[in-house]
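Just so you know, we're using the working numbering here: the sequence shown kicks off at 127 and counts up by one.
In this text, a Cβ means the ideal position worked out from N, Cα and C, and glycines have one as well.
Notes for the one structure printed next.
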Amino acid sequence: RKAVPGAARRAMSTASPWANFEMAPLDPIVGLNESFAADDFPQKVIVGVGAYRDDAGKPYVLPCVRKAEQIMMDQKLDMEYAGIAGDPKFVDLALKFVYGADATPIQENRVQGVQALSGTGGLRVFGELMRKHGHKHIYVPNPTWGNHNAIFTNSGLEVRKYRYYDAASSDLEFDNMMKDFKDMPEGSIVLLHACAHNPTGMDPTMEQWKEISDTVKNQKLIPFFDCAYQGFASGDAVKDAAAVRMFVEDGHLISMVQSFSKNFGLYGQRVGALSVVGANEDEAKRVVSQMKMVIRPMYSNPPRHGARLVTTILQDEQLTAQFLEECKGMADRINTMRTSLHDALEKAGSTKNWDHITKQIGMFAYSGLTKDQVMQMRDVHHVYCTADGRISMAGVTSGNVDYIANAIHDVSK
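See below:
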(Lines of atoms letter the chains of each structure in order from A and count residues from 1; the text may use other names and numbers.)
(Lines give C-alpha, C1' and ligand atoms only; values in the text may rest on other atoms or scores of the structure.)
Protein backbone atom coordinates (compact mmCIF):
# COMPACT_ATOMS: atom_id res chain seq x y z
CA ARG A 1 0.00 0.00 0.00
CA LYS A 2 1.31 3.43 -0.93
CA ALA A 3 2.45 5.46 2.09
CA VAL A 4 0.82 8.84 2.77
CA PRO A 5 3.43 11.63 2.93
CA GLY A 6 3.99 13.05 6.41
CA ALA A 7 2.64 16.54 5.64
CA ALA A 8 -0.54 15.16 4.09
CA ARG A 9 -0.99 12.80 7.02
CA ARG A 10 -0.66 15.68 9.49
CA ALA A 11 -3.16 17.80 7.48
CA MET A 12 -5.65 14.93 7.51
CA SER A 13 -5.25 14.44 11.25
CA THR A 14 -5.74 18.14 12.05
CA ALA A 15 -8.63 18.85 9.65
CA SER A 16 -11.87 19.49 11.55
CA PRO A 17 -14.75 17.08 10.84
CA TRP A 18 -16.98 20.18 11.04
CA ALA A 19 -15.09 22.25 8.46
CA ASN A 20 -17.69 21.77 5.72
CA PHE A 21 -20.66 22.74 7.88
CA GLU A 22 -22.18 26.00 6.62
CA MET A 23 -23.93 28.51 8.85
CA ALA A 24 -27.67 27.82 8.62
CA PRO A 25 -29.98 30.74 7.88
CA LEU A 26 -31.63 32.32 10.88
CA ASP A 27 -35.16 31.28 11.69
CA PRO A 28 -37.40 34.19 10.57
CA ILE A 29 -38.72 34.82 14.09
CA VAL A 30 -35.28 34.54 15.73
CA GLY A 31 -33.82 36.89 13.13
CA LEU A 32 -36.65 39.35 13.74
CA ASN A 33 -36.02 39.28 17.49
CA GLU A 34 -32.29 39.87 17.00
CA SER A 35 -32.88 42.80 14.65
CA PHE A 36 -35.33 44.29 17.15
CA ALA A 37 -32.89 43.85 20.04
CA ALA A 38 -30.15 45.63 18.09
CA ASP A 39 -32.41 48.62 17.29
CA ASP A 40 -31.86 51.50 19.73
CA PHE A 41 -34.86 53.56 18.58
CA PRO A 42 -36.87 54.40 21.74
CA GLN A 43 -40.32 53.84 20.22
CA LYS A 44 -39.50 50.54 18.51
CA VAL A 45 -42.28 47.95 18.54
CA ILE A 46 -42.24 44.20 17.87
CA VAL A 47 -45.45 42.47 16.82
CA GLY A 48 -43.93 39.28 15.47
CA VAL A 49 -43.68 36.93 18.44
CA GLY A 50 -46.49 34.39 18.93
CA ALA A 51 -46.72 34.78 22.69
CA TYR A 52 -49.25 36.72 24.75
CA ARG A 53 -48.31 40.04 26.31
CA ASP A 54 -50.33 42.14 28.76
CA ASP A 55 -51.33 45.73 27.99
CA ALA A 56 -47.96 46.90 29.28
CA GLY A 57 -46.28 44.65 26.70
CA LYS A 58 -44.95 42.25 29.35
CA PRO A 59 -45.06 38.43 29.51
CA TYR A 60 -48.04 37.16 31.49
CA VAL A 61 -48.30 34.15 33.78
CA LEU A 62 -51.89 33.16 34.55
CA PRO A 63 -52.68 33.50 38.28
CA CYS A 64 -54.27 30.01 38.19
CA VAL A 65 -50.92 28.65 37.02
CA ARG A 66 -49.20 30.35 39.97
CA LYS A 67 -51.73 28.71 42.30
CA ALA A 68 -51.14 25.32 40.69
CA GLU A 69 -47.39 25.78 41.11
CA GLN A 70 -47.83 26.42 44.83
CA ILE A 71 -50.07 23.37 45.23
CA MET A 72 -47.45 21.24 43.50
CA MET A 73 -44.65 22.66 45.65
CA ASP A 74 -46.58 21.75 48.78
CA GLN A 75 -47.06 18.18 47.49
CA LYS A 76 -43.28 17.67 47.30
CA LEU A 77 -43.62 15.67 44.07
CA ASP A 78 -40.86 13.37 42.83
CA MET A 79 -38.81 13.95 39.70
CA GLU A 80 -39.07 10.44 38.24
CA TYR A 81 -39.44 9.71 34.54
CA ALA A 82 -42.90 9.83 33.00
CA GLY A 83 -43.93 6.84 30.92
CA ILE A 84 -43.46 6.88 27.16
CA ALA A 85 -47.06 8.10 26.73
CA GLY A 86 -46.67 10.68 29.51
CA ASP A 87 -48.97 11.31 32.44
CA PRO A 88 -52.19 9.30 31.93
CA LYS A 89 -54.22 11.69 34.13
CA PHE A 90 -53.09 14.65 32.05
CA VAL A 91 -53.96 12.84 28.80
CA ASP A 92 -57.42 11.96 30.13
CA LEU A 93 -58.15 15.56 31.13
CA ALA A 94 -56.69 16.99 27.92
CA LEU A 95 -58.89 14.80 25.75
CA LYS A 96 -62.02 15.58 27.74
CA PHE A 97 -61.18 19.29 27.49
CA VAL A 98 -61.26 19.28 23.69
CA TYR A 99 -63.63 16.44 22.76
CA GLY A 100 -66.04 17.07 25.66
CA ALA A 101 -66.39 14.81 28.69
CA ASP A 102 -69.84 13.71 27.50
CA ALA A 103 -68.79 12.95 23.91
CA THR A 104 -69.87 9.46 22.84
CA PRO A 105 -66.38 8.24 21.81
CA ILE A 106 -64.97 9.51 25.13
CA GLN A 107 -67.65 7.56 26.99
CA GLU A 108 -66.87 4.48 24.87
CA ASN A 109 -63.09 4.83 25.43
CA ARG A 110 -62.60 5.17 21.67
CA VAL A 111 -60.46 8.30 22.10
CA GLN A 112 -56.93 7.44 23.12
CA GLY A 113 -53.77 9.51 23.13
CA VAL A 114 -50.34 10.36 24.45
CA GLN A 115 -48.71 13.38 26.02
CA ALA A 116 -46.67 15.28 23.42
CA LEU A 117 -43.94 17.91 23.31
CA SER A 118 -46.53 20.62 22.76
CA GLY A 119 -47.99 20.94 19.26
CA THR A 120 -44.69 20.75 17.42
CA GLY A 121 -43.67 17.43 18.97
CA GLY A 122 -47.11 15.94 18.43
CA LEU A 123 -47.07 16.95 14.77
CA ARG A 124 -43.70 15.29 14.26
CA VAL A 125 -44.77 12.06 15.97
CA PHE A 126 -47.95 11.98 13.88
CA GLY A 127 -46.05 12.58 10.64
CA GLU A 128 -43.60 9.77 11.30
CA LEU A 129 -46.38 7.47 12.51
CA MET A 130 -48.36 7.90 9.31
CA ARG A 131 -45.30 7.54 7.08
CA LYS A 132 -44.44 4.26 8.78
CA HIS A 133 -47.95 3.04 8.06
CA GLY A 134 -47.89 3.65 4.33
CA HIS A 135 -48.84 7.27 3.88
CA LYS A 136 -46.79 9.32 1.45
CA HIS A 137 -48.26 12.82 1.61
CA ILE A 138 -50.30 15.30 3.64
CA TYR A 139 -52.35 18.30 2.51
CA VAL A 140 -51.96 21.58 4.42
CA PRO A 141 -53.71 24.93 3.90
CA ASN A 142 -52.00 27.65 1.90
CA PRO A 143 -50.85 29.52 3.87
CA THR A 144 -50.24 27.62 7.08
CA TRP A 145 -47.98 27.91 10.12
CA GLY A 146 -44.45 28.07 8.73
CA ASN A 147 -43.19 25.11 10.75
CA HIS A 148 -45.82 22.69 9.41
CA ASN A 149 -44.01 22.26 6.10
CA ALA A 150 -40.62 21.50 7.67
CA ILE A 151 -42.09 19.16 10.32
CA PHE A 152 -43.94 16.99 7.82
CA THR A 153 -41.11 17.05 5.28
CA ASN A 154 -38.67 15.90 7.95
CA SER A 155 -41.19 13.20 8.91
CA GLY A 156 -40.83 11.82 5.39
CA LEU A 157 -44.15 13.05 4.00
CA GLU A 158 -44.63 15.02 0.81
CA VAL A 159 -46.36 18.30 1.69
CA ARG A 160 -49.14 19.26 -0.69
CA LYS A 161 -51.22 22.43 -0.40
CA TYR A 162 -54.88 23.27 -0.74
CA ARG A 163 -56.18 26.78 -1.33
CA TYR A 164 -57.37 28.52 1.81
CA TYR A 165 -56.94 32.29 1.84
CA ASP A 166 -57.32 34.91 -0.87
CA ALA A 167 -54.86 37.70 -0.12
CA ALA A 168 -56.48 40.03 -2.65
CA SER A 169 -59.84 40.01 -0.86
CA SER A 170 -58.44 39.26 2.62
CA ASP A 171 -60.96 36.48 2.98
CA LEU A 172 -61.38 32.72 2.94
CA GLU A 173 -61.02 31.14 -0.50
CA PHE A 174 -63.76 28.68 0.34
CA ASP A 175 -65.04 27.62 -3.10
CA ASN A 176 -61.52 26.84 -4.32
CA MET A 177 -60.78 25.05 -1.06
CA MET A 178 -63.74 22.76 -1.68
CA LYS A 179 -62.59 22.14 -5.25
CA ASP A 180 -59.16 21.15 -3.97
CA PHE A 181 -60.66 18.80 -1.38
CA LYS A 182 -62.67 17.07 -4.09
CA ASP A 183 -59.49 16.57 -6.14
CA MET A 184 -57.56 14.92 -3.29
CA PRO A 185 -56.89 11.19 -3.69
CA GLU A 186 -58.93 8.92 -1.43
CA GLY A 187 -57.17 8.20 1.86
CA SER A 188 -55.17 11.44 1.87
CA ILE A 189 -54.41 13.10 5.20
CA VAL A 190 -55.69 16.67 5.37
CA LEU A 191 -54.50 19.09 8.06
CA LEU A 192 -57.17 21.39 9.49
CA HIS A 193 -56.66 24.25 11.97
CA ALA A 194 -59.28 23.70 14.69
CA CYS A 195 -59.65 27.43 15.36
CA ALA A 196 -57.72 30.71 14.99
CA HIS A 197 -56.00 29.72 11.76
CA ASN A 198 -52.31 30.63 11.83
CA PRO A 199 -51.25 32.90 10.17
CA THR A 200 -54.47 34.36 8.72
CA GLY A 201 -56.81 34.31 11.72
CA MET A 202 -59.62 33.60 9.25
CA ASP A 203 -61.76 30.59 10.21
CA PRO A 204 -64.62 28.94 8.33
CA THR A 205 -68.14 29.57 9.60
CA MET A 206 -69.93 26.63 11.20
CA GLU A 207 -71.93 26.21 7.99
CA GLN A 208 -68.69 26.03 6.03
CA TRP A 209 -67.25 23.59 8.55
CA LYS A 210 -70.26 21.37 7.93
CA GLU A 211 -69.59 21.43 4.20
CA ILE A 212 -65.92 20.61 4.85
CA SER A 213 -66.97 17.70 7.07
CA ASP A 214 -69.33 16.32 4.42
CA THR A 215 -66.72 16.69 1.67
CA VAL A 216 -63.99 15.03 3.75
CA LYS A 217 -66.36 12.14 4.42
CA ASN A 218 -67.46 11.80 0.78
CA GLN A 219 -63.85 11.87 -0.45
CA LYS A 220 -62.79 9.39 2.27
CA LEU A 221 -60.03 11.69 3.51
CA ILE A 222 -58.31 11.47 6.91
CA PRO A 223 -58.87 14.67 8.94
CA PHE A 224 -56.03 15.70 11.24
CA PHE A 225 -56.71 18.72 13.48
CA ASP A 226 -54.07 21.07 14.87
CA CYS A 227 -55.67 22.63 17.96
CA ALA A 228 -53.33 25.28 19.36
CA TYR A 229 -55.73 27.99 20.55
CA GLN A 230 -58.70 26.40 22.33
CA GLY A 231 -60.18 29.02 24.64
CA PHE A 232 -57.65 31.60 23.50
CA ALA A 233 -59.33 32.28 20.15
CA SER A 234 -62.83 33.40 21.14
CA GLY A 235 -62.53 33.26 24.92
CA ASP A 236 -64.89 30.26 24.96
CA ALA A 237 -63.20 26.84 25.05
CA VAL A 238 -66.38 25.02 23.98
CA LYS A 239 -66.96 27.35 21.02
CA ASP A 240 -63.33 26.97 19.91
CA ALA A 241 -63.72 23.18 19.89
CA ALA A 242 -66.97 23.28 17.88
CA ALA A 243 -65.44 22.20 14.55
CA VAL A 244 -63.61 19.27 16.14
CA ARG A 245 -66.73 18.13 17.96
CA MET A 246 -68.83 18.46 14.80
CA PHE A 247 -66.46 16.17 12.90
CA VAL A 248 -66.60 13.60 15.70
CA GLU A 249 -70.41 13.78 15.85
CA ASP A 250 -70.46 13.33 12.05
CA GLY A 251 -68.67 10.02 12.53
CA HIS A 252 -65.15 10.97 11.46
CA LEU A 253 -62.34 8.96 13.04
CA ILE A 254 -60.16 12.02 13.45
CA SER A 255 -56.68 12.50 14.81
CA MET A 256 -55.62 15.66 16.62
CA VAL A 257 -52.70 17.43 18.22
CA GLN A 258 -53.28 19.87 21.09
CA SER A 259 -50.99 22.56 22.44
CA PHE A 260 -51.32 24.17 25.87
CA SER A 261 -48.76 26.90 25.15
CA LYS A 262 -51.15 29.72 24.25
CA ASN A 263 -54.28 29.03 26.30
CA PHE A 264 -52.44 28.19 29.55
CA GLY A 265 -49.46 30.48 28.81
CA LEU A 266 -47.06 27.54 29.23
CA TYR A 267 -44.82 28.40 26.28
CA GLY A 268 -41.60 27.07 27.72
CA GLN A 269 -43.08 23.94 29.31
CA ARG A 270 -43.86 22.11 26.01
CA VAL A 271 -47.22 20.66 27.00
CA GLY A 272 -49.39 18.93 24.42
CA ALA A 273 -51.34 15.82 23.51
CA LEU A 274 -51.74 13.67 20.39
CA SER A 275 -54.91 11.61 20.06
CA VAL A 276 -57.03 9.50 17.74
CA VAL A 277 -60.67 8.47 17.61
CA GLY A 278 -60.89 4.76 16.83
CA ALA A 279 -63.72 2.62 15.54
CA ASN A 280 -63.51 0.88 18.91
CA GLU A 281 -61.39 0.99 22.06
CA ASP A 282 -59.02 -1.75 20.95
CA GLU A 283 -58.29 -0.03 17.64
CA ALA A 284 -57.52 3.30 19.31
CA LYS A 285 -55.21 1.60 21.81
CA ARG A 286 -53.35 -0.14 18.99
CA VAL A 287 -52.70 3.22 17.35
CA VAL A 288 -51.37 4.61 20.64
CA SER A 289 -49.07 1.59 20.96
CA GLN A 290 -47.61 2.56 17.58
CA MET A 291 -47.23 6.18 18.69
CA LYS A 292 -45.15 4.91 21.59
CA MET A 293 -42.95 3.02 19.13
CA VAL A 294 -42.22 6.36 17.43
CA ILE A 295 -41.70 8.28 20.68
CA ARG A 296 -39.33 5.88 22.44
CA PRO A 297 -36.33 6.27 20.09
CA MET A 298 -37.18 9.93 19.40
CA TYR A 299 -37.20 11.46 22.90
CA SER A 300 -38.10 8.52 25.17
CA ASN A 301 -40.68 10.31 27.33
CA PRO A 302 -42.06 13.83 27.85
CA PRO A 303 -41.32 16.33 30.66
CA ARG A 304 -43.60 16.27 33.68
CA HIS A 305 -43.84 19.79 35.14
CA GLY A 306 -46.09 21.46 32.56
CA ALA A 307 -48.40 18.46 32.32
CA ARG A 308 -48.71 18.47 36.12
CA LEU A 309 -49.67 22.16 36.03
CA VAL A 310 -52.46 21.53 33.51
CA THR A 311 -53.62 18.47 35.43
CA THR A 312 -53.70 20.37 38.73
CA ILE A 313 -55.90 23.03 37.14
CA LEU A 314 -58.26 20.86 35.10
CA GLN A 315 -58.93 18.36 37.90
CA ASP A 316 -60.05 21.15 40.24
CA GLU A 317 -63.42 22.84 39.53
CA GLN A 318 -62.46 26.19 41.06
CA LEU A 319 -59.10 26.36 39.30
CA THR A 320 -60.73 25.34 36.02
CA ALA A 321 -63.30 28.13 36.38
CA GLN A 322 -60.49 30.58 37.16
CA PHE A 323 -58.51 29.38 34.14
CA LEU A 324 -61.49 29.81 31.80
CA GLU A 325 -62.01 33.35 33.10
CA GLU A 326 -58.33 34.28 32.74
CA CYS A 327 -58.10 32.72 29.28
CA LYS A 328 -61.16 34.73 28.25
CA GLY A 329 -59.43 37.84 29.63
CA MET A 330 -56.50 37.28 27.26
CA ALA A 331 -58.82 36.72 24.29
CA ASP A 332 -60.88 39.79 25.17
CA ARG A 333 -57.80 42.02 25.31
CA ILE A 334 -56.69 40.84 21.89
CA ASN A 335 -60.16 41.37 20.42
CA THR A 336 -60.25 44.86 21.93
CA MET A 337 -56.91 45.61 20.29
CA ARG A 338 -58.29 44.43 16.94
CA THR A 339 -61.05 47.03 17.17
CA SER A 340 -58.62 49.67 18.39
CA LEU A 341 -56.19 49.02 15.51
CA HIS A 342 -59.01 49.09 12.97
CA ASP A 343 -60.31 52.39 14.36
CA ALA A 344 -56.82 53.88 14.65
CA LEU A 345 -56.15 53.14 10.97
CA GLU A 346 -59.30 55.03 10.01
CA LYS A 347 -58.31 57.86 12.36
CA ALA A 348 -54.87 57.97 10.72
CA GLY A 349 -56.59 58.73 7.43
CA SER A 350 -56.42 55.35 5.72
CA THR A 351 -59.08 54.84 3.08
CA LYS A 352 -58.37 51.14 2.72
CA ASN A 353 -60.81 48.52 4.01
CA TRP A 354 -59.36 47.04 7.20
CA ASP A 355 -62.45 45.05 8.20
CA HIS A 356 -60.47 41.81 7.94
CA ILE A 357 -58.58 42.78 11.10
CA THR A 358 -61.77 42.52 13.16
CA LYS A 359 -63.16 39.54 11.19
CA GLN A 360 -60.07 37.50 11.97
CA ILE A 361 -59.67 35.71 15.29
CA GLY A 362 -56.91 34.57 17.59
CA MET A 363 -53.40 35.81 18.18
CA PHE A 364 -52.57 36.99 14.67
CA ALA A 365 -53.83 39.55 12.18
CA TYR A 366 -52.93 38.91 8.55
CA SER A 367 -52.54 42.55 7.63
CA GLY A 368 -52.21 42.27 3.86
CA LEU A 369 -48.95 44.24 3.87
CA THR A 370 -46.44 43.19 1.22
CA LYS A 371 -42.89 42.18 2.06
CA ASP A 372 -41.62 45.55 0.75
CA GLN A 373 -44.11 47.41 2.94
CA VAL A 374 -43.11 45.31 5.95
CA MET A 375 -39.44 46.16 5.41
CA GLN A 376 -40.25 49.85 4.91
CA MET A 377 -42.25 49.86 8.14
CA ARG A 378 -39.29 48.28 9.91
CA ASP A 379 -36.69 50.65 8.44
CA VAL A 380 -38.66 53.89 8.74
CA HIS A 381 -40.90 53.35 11.76
CA HIS A 382 -39.03 50.59 13.65
CA VAL A 383 -42.16 48.41 13.76
CA TYR A 384 -41.22 44.74 13.41
CA CYS A 385 -43.54 42.04 12.08
CA THR A 386 -42.90 38.94 9.97
CA ALA A 387 -42.25 39.35 6.25
CA ASP A 388 -45.67 37.99 5.28
CA GLY A 389 -47.37 40.87 7.09
CA ARG A 390 -48.56 38.76 10.00
CA ILE A 391 -49.04 40.92 13.09
CA SER A 392 -49.15 39.40 16.56
CA MET A 393 -52.07 41.21 18.16
CA ALA A 394 -50.65 40.25 21.54
CA GLY A 395 -47.92 42.83 20.93
CA VAL A 396 -50.44 45.61 20.29
CA THR A 397 -51.25 47.64 23.40
CA SER A 398 -53.28 50.72 24.27
CA GLY A 399 -49.96 52.55 24.48
CA ASN A 400 -48.64 51.69 20.98
CA VAL A 401 -51.72 51.04 18.85
CA ASP A 402 -51.83 54.56 17.38
CA TYR A 403 -48.12 54.44 16.55
CA ILE A 404 -48.53 51.05 14.83
CA ALA A 405 -51.59 52.27 12.90
CA ASN A 406 -49.74 55.36 11.66
CA ALA A 407 -46.83 53.21 10.55
CA ILE A 408 -49.11 50.81 8.66
CA HIS A 409 -50.97 53.71 7.05
CA ASP A 410 -47.73 55.40 5.98
CA VAL A 411 -46.40 52.36 4.13
CA SER A 412 -49.72 51.28 2.63
CA LYS A 413 -51.32 54.54 1.49
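Going along the chain, which residues of its own chain have a beta-carbon closer than 6 Å to the beta-carbon of residue i, five neighbours each way excluded?
i, result
"Ala-363", "Gln-356, Gly-357"
"Ser-385", "Ser-244, Gly-245, Ala-354, Gly-398"
"Gly-248", "Ala-242, Val-383, Gly-398, Leu-400"
"Gln-486", "Gly-327, Met-328"
"Gly-432", "Leu-392, Gln-395, Val-397"
"Ala-474", "Ala-531, Asn-532, His-535"
"Val-402", "Ser-381, Ala-410, Val-413"
"Phe-449", "Cys-190, Ile-439"
"Leu-221", "Val-237, Gly-239, Ser-401"
"Ala-177", "Tyr-393"
Once the 5 residues before and after residue i are set aside, which same chain residues still bring their CB inside 7 Å of it?
i, result
"Phe-373", "Ser-339, Pro-349, Ile-380"
"Ala-533", "Met-503, His-507, Val-509"
"Ser-281", "Arg-250, Gly-253, Glu-254, Arg-257"
"Gln-169", "His-508, Tyr-529"
"Arg-412", "none"
"Asn-235", "Glu-407"
"Met-483", "The amino acid at residue 483 is misidentified as Met; the sequence shows Ile. Hits under 7 Å: Arg-464, Leu-467, His-468, Ala-491."
Please classify residue i: does DSSP put it in a helix, a strand, or coil?
i, result
"Glu-312", "coil"
"Asn-344", "helix"
"Val-436", "helix"
"Ser-244", "helix"
"Lys-418", "helix"
"Arg-289", "strand"
"Leu-298", "strand"
"Gly-239", "strand"
"Glu-206", "coil"
"Ala-81", "Lying before the first or after the last residue shown, residue 81 is absent from the chain, which here runs from 127 to 539."
"Val-171", "strand"
"Glu-254", "helix"
"Ser-360", "coil"
"Pro-423", "helix"
"Glu-409", "helix"
"Glu-148", "coil"
"Gly-521", "helix"
"Ser-339", "helix"
"Asp-92", "Given a span of 127 to 539 for the chain in the structure shown, any question on residue 92 remains unanswerable."
"Gly-272", "helix"
"Lys-365", "helix"
"Lys-478", "coil"
Tell me, please, which residues DSSP counts as bridged to residue i.
i, result
"Gln-384", "Cys-353, Ala-399"
"Arg-371", "Bridge partners of Arg-371: none, in fact."
"Ile-277", "DSSP output for Ile-277 lists no bridge partner at all."
"Arg-516", "Tyr-492"
"His-319", "Asp-352"
"Tyr-510", "Ile-172"
"Pro-185", "Arg-179"
"Glu-284", "His-263"
Ends of the alpha helix (DSSP H) at residue i?
i, result
"Phe-223", "214-225"
"Tyr-393", "Here Tyr-393 belongs to no alpha helix (DSSP H), and DSSP marks it neither H nor E."
"Ile-530", "527-538"
"Ser-466", "443-473"
"Ala-163", "154-164"
"Arg-192", "189-201"
"Arg-504", "497-507"
"Pro-231", "230-233"
"His-378", "Premise fails: His-378 is in no alpha helix (DSSP H) and is neither H nor E."
"His-482", "481-485"
Grab me the residues of residue i's own chain with a C-beta within less than 8 Å of its C-beta, minus the 5 sequence neighbours each way, in chain order.
i, result
"His-263", "Leu-283, Glu-284, Val-285, Arg-286, Ser-314, Ile-315"
"Ile-210", "Val-240, Lys-418, Ile-421, Arg-422, Ser-426, Asn-427"
"Phe-167", "His-508"
"Leu-435", "Val-191, Ala-194, Glu-195, Met-198, Phe-390, Leu-392, Gln-395, Val-397"
"Arg-371", "Tyr-225, Gly-226, Ala-229"
"His-259", "Gln-416"
Is it buried or exposed, residue i, if we count other Cβ atoms within 10 angstroms and call 16 or more buried?
i, result
"Trp-480", "buried"
"Met-456", "buried"
"Arg-516", "buried"
"Gly-212", "buried"
"Val-187", "exposed"
"Tyr-492", "buried"
"Asn-324", "buried"
"Met-303", "buried"
"Glu-472", "exposed"
"Asp-352", "buried"
Where do the ends of the beta strand (DSSP E) carrying residue i lie?
i, result
"Pro-143", "No beta strand (DSSP E) contains Pro-143, which DSSP labels as neither H nor E."
"Val-266", "263-268"
"Arg-430", "Segment: none, Arg-430 is in no beta strand (DSSP E) and carries neither H nor E."
"Arg-179", "Neither: Arg-179 is in no beta strand (DSSP E) and is coded neither H nor E."
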